[in-house]
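To keep things clear, I will list the structure first and then write my remarks on it.
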Amino acid sequence: MKEKLCSLQEAVATYVHDGDVVAIGGVGRNRAPMALVREVIRQGKKNLHIVGREKGMEFDMLIGAGCVKKVSFALVSLEEFGLAMNFRRKAQAGEIELDEHACNSVITSLRAASMGLPFLPLRGMFGSGVFEVSKNLKEIECPFTGERLAAVRAIKPNVTLIHAHQADKYGNVRIMGSPFEDILKAWAAEKTIVTVEEIIDNDEIRNNPQLTSIPYIYIDAVVHQPKGAWPASCDSYYDSDIEEIKAYAQAIKSPEGFQEYLEQRVLSRRD
Amino acid sequence: MAEYTTAELMAVCLAREISDGDRVLQGLYSPLPMMACLLAKRFHAPNMTYFNTADVIDPEPKKVPFSTAGPALQERAVTYIPLWQTFDLAQRGELDLIFLGAAQVDKHGNTNLSAIGPYEKPKVRLPGGAASAHLCAIMDTVIWIPRHNNRVLVEKVDFITGQGYLSGGDAREKAGIPKGGPRKVVTNLCIMDFEPETKAMRLVSLHPGVSLEQVKEATGFELIIPSEVKETEPPSPEELEFMREIDPKGVRELEFH
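One line per chain: the protein sequences are A and B, in this order.
Using this note's numbering, the letters of the first sequence correspond one by one to residues 1 to 271.
Using this note's numbering, the letters of the second sequence correspond one by one to residues 1 to 257.
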C-alpha cells in the first residue's frame, strides 16, 4: 500500500483535468465534497462533465463558475431554499449540455461502469420525455423473455470526488453514515479523491475491517479536510449550515450576486 | 374542532394513502411525504416500512430536519440502505408507494419537472424529476400539489417527466409500462383520483371550506365531478399534536410560504 496523503491543492491539480467526466459524492446538501468543489473552481478547471443523482449547491456553483460543459443529473435544486439559479440560467441560455435522467438511470450508468459493462438494462422509463430525448437511454428487447427494457449507457468518470468521515493514509475509507452512491462512484471511476474529517491509524482499519467502506485500491488521493463538506452536512459529525445556504440561495438570484459570493467565499479564500 | 393549517391537512391526506404493511419511499425535498410516513407509522400503519433519501429504513427522528435527506432522518434507523437497492425493490415490484411532486400535472396525471416551453429551448428550466421517469413507470404514486391553480393543473403538460396515464385509457399498457400509475392527487384544495376507464382526473373530496366552483376555476381542464363529493376528513387532535411535537420549526410549512 502506498501513502496517498496530500493537500487539497495537490489532489485537484493532479487528478482533475479540463474536459474530465467528474462524479460528485453526496446527495442534496448532505456530504457534498464542498472543499474539493471550491478548489476545482479556484484552479479554474474547464469543460467538465459533472455526474450525480440529486445535486444542489455544488453543481450550481461549478456551473455558475464556468467549469462545466455537460451535466448528467436527475435533479439540481437547493431543496427548500430555492432554485439552482446558475443551473437554470445556463440551461436556458443553452450554455450547458443537459443529459437528463431519472435517479435510477444515473445510478445505473455508474453501476454499469463499475461492472466494466457498456450498459445495463432498466425496467420502466418508457413514456417519459426523459427517455425520448436522451441519447443515453435506448429500448432493447430481453433475448430470453422478450421483455422491452431500457438500456442505460455506462458513464465512466475520469475522477470521483467524495467527502467521507475517516481514512488511513493509504486510502482505506470509512463512511460512518449513509454511503449514498459514493462507493459506486469510487468503483466506477479511473481515479478517486477523498477528503476526510479524520485520518486514522492503519491498525484501527485492520482491527475493524468490517467498517471499511472503500478499500485503498479504489482511492488515489487522501486529503485531511475537517469540515470538508461545509456548508453541506456530514452525517453524525455536523448538520448543514442553513444560514450559509440561505446566503448562497439569495446570492445566486442574480449573476452579479453570484460573482460577489464567488469572489468573497471561494476565490479569495483557501479551504 | 382543532385549528390546523393546509400543510397539516395535506400531510394527513398523504398519510391516509399508506396502508399497514406497505413499503413506502420518501424522496428528496419532500417535507409533506416525510410527515406522512411518520404519521402513518405512529398511528394507523405501525407495520409500514419507511424508506427515505437519507438512505435508511424506519428512522425514528426526535425532530424532523429541513433537508429530507438530512442526518436527523437517520436517527434510530434499523439500517442504511443505498437508494439503488430501494430502487431494485421497486423494480422487483416490492415497493408499494412513492409520493412525487410536480410543477405541472395534467388530466391524465402526467407530471412535468423538466421544462416549461420547448424542451430544447425552455422558457423555464425546472430542476428535474428526480426518481420520476423510472418509478412512475413501475409503481403506484401519489402526487402532492401545494398550489392548485390552472398553471399547475393543465390540460397537457409541456413535457412528461413522470408518466401518468399518458394519453389515458390503456396508453400505459401500449407504452410497455403496465404496472402502477398515479393513484391520487392531493392539493391544497381537494383530493382527486382517476376514472378507471378513461384514466382522467376525477374529484374525490373537497377540503373543508373549499367550494366546488373554486376547484373548477383553479383547474386548467374539465375535471370529472362525480354525483357524490365528500368533504376531506380533517386531522385529528392527536395527529396535530404529533406533527407539532416532531416539527417545531415548521418544516411542513416550507412549501406554503
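A virtual CB, placed ideally from N, CA and C, is assigned to each residue, including glycine.
In this text the structure is predicted, and so the values were computed from the model without any measurement.
Any idea if residue i is buried or exposed, counting beta-carbon neighbours within 10 angstroms, 16 or more meaning buried?
i, result
"residue 250 of chain A", "exposed"
"residue 87 of chain A", "buried"
"residue 78 of chain B", "exposed"
"residue 203 of chain A", "exposed"
"residue 142 of chain A", "exposed"
"residue 72 of chain B", "buried"
"residue 170 of chain B", "exposed"
"residue 148 of chain B", "buried"
"residue 62 of chain B", "exposed"
"residue 8 of chain B", "buried"
"residue 90 of chain A", "buried"
"residue 41 of chain B", "buried"
"residue 101 of chain B", "buried"
"residue 235 of chain A", "buried"
"residue 172 of chain A", "buried"
"residue 134 of chain A", "buried"
"residue 29 of chain A", "buried"
"residue 235 of chain B", "buried"
"residue 93 of chain A", "exposed"
"residue 166 of chain A", "buried"
"residue 20 of chain B", "exposed"
"residue 211 of chain B", "exposed"
Tell me, which residues are paired with residue i by DSSP?
i, result
"residue 104 of chain B", "B/112"
"residue 192 of chain B", "B/185, B/203"
"residue 163 of chain A", "A/195"
"residue 121 of chain B", "In DSSP, residue 121 of chain B forms no bridge with anything."
"residue 234 of chain A", "A/238"
"residue 222 of chain A", "A/5, A/194"
"residue 220 of chain B", "B/154"
"residue 231 of chain B", "B/206"
"residue 144 of chain B", "B/186"
"residue 148 of chain A", "A/141"
"residue 207 of chain A", "Bridge partners of residue 207 of chain A: none, in fact."
"residue 49 of chain A", "A/21, A/70"
"residue 162 of chain B", "B/111"
"residue 28 of chain A", "A/55"
"residue 97 of chain B", "B/24"
"residue 270 of chain A", "For residue 270 of chain A, which the question treats as bridged, DSSP gives no partner whatsoever."
"residue 214 of chain A", "A/173"
Kindly list, in the order they appear in chain A, the residues whose Cβ is closer than 7 Å to that of residue i.
i, result
"residue 177 of chain B", "124, 126, 127"
"residue 104 of chain B", "What residue 104 of chain B touches in chain A: nothing, since even the nearest Cβ is about 12 Å away."
"residue 26 of chain B", "The premise fails here: residue 26 of chain B is roughly 13 Å from chain A at the closest Cβ pair, so nothing lies under 7 Å."
"residue 116 of chain B", "Correct list: empty, because the minimum Cβ distance to chain A is about 10 Å."
In the DSSP assignment, the alpha helix (DSSP H) including residue i goes from what residue to what residue?
i, result
"residue 64 of chain A", "57 to 64"
"residue 88 of chain A", "85 to 92"
"residue 39 of chain B", "31 to 42"
"residue 39 of chain A", "34 to 42"
"residue 185 of chain A", "182 to 188"
"residue 104 of chain A", "103 to 114"
"residue 120 of chain A", "That residue, residue 120 of chain A, is in no alpha helix (DSSP H); its beta strand (DSSP E) goes 119 to 122."
"residue 62 of chain B", "Per DSSP, residue 62 of chain B belongs to no alpha helix (DSSP H) and is neither H nor E."
"residue 262 of chain A", "Residue 262 of chain A -> no alpha helix (DSSP H), and no H or E assigned at all."
"residue 89 of chain B", "83 to 91"
"residue 239 of chain B", "237 to 246"
"residue 174 of chain B", "171 to 175"
Starting from residue i, follow the beta strand (DSSP E) in both directions and report where the run begins and ends.
i, result
"residue 244 of chain A", "From DSSP, residue 244 of chain A is part of no beta strand (DSSP E) but of the alpha helix (DSSP H) over 242 to 251."
"residue 98 of chain A", "97 to 100"
"residue 77 of chain A", "Neither: residue 77 of chain A is in no beta strand (DSSP E) and is coded neither H nor E."
"residue 23 of chain B", "23 to 26"
"residue 50 of chain B", "49 to 52"
"residue 14 of chain B", "It is not in any beta strand (DSSP E) - residue 14 of chain B instead sits in the alpha helix (DSSP H) that spans 6 to 15."
"residue 135 of chain B", "No beta strand (DSSP E) holds residue 135 of chain B; the alpha helix (DSSP H) holding it covers 132 to 135."
So which residues of chain B does residue i contact, with C-beta pairs closer than 8 Å?
i, result
"residue 180 of chain A", "55, 82, 83"
"residue 177 of chain A", "71, 74, 80"
"residue 239 of chain A", "65, 70, 71, 72"
"residue 107 of chain A", "83, 84, 87"
"residue 91 of chain A", "122, 125"
Quick one: which chain B residues come within Cβ less than 9 Å of residue i?
i, result
"residue 174 of chain A", "Chain B residues near residue 174 of chain A: none, gap ~13 Å exceeds 9 Å."
"residue 235 of chain A", "54, 70, 71, 74"
Strictly below 7 Å CB to CB, what residues from chain B border residue i?
i, result
"residue 142 of chain A", "Here the premise fails: no neighbours, minimum Cβ distance about 12 Å."
"residue 77 of chain A", "29, 127"
"residue 29 of chain A", "67"
"residue 42 of chain A", "In chain order: nothing, as chain B lies at least about 26 Å away."
Which residues in chain A have a C-beta closer than 9 Å to the C-beta of residue i? List them in chain order.
i, result
"residue 91 of chain B", "104, 122, 123, 124"
"residue 160 of chain B", "127, 128, 129, 130, 132"
Can you pull the chain D residues whose beta carbon is under 9 Å from the beta carbon of residue i, in chain order?
i, result
"residue 50 of chain B", "In the displayed structure, chain D is absent; the protein chains listed are A and B."
Listing by chain order, which chain A residues have their CB less than 8 Å from the CB of residue i?
i, result
"residue 108 of chain B", "Chain A residues near residue 108 of chain B: none, gap ~11 Å exceeds 8 Å."
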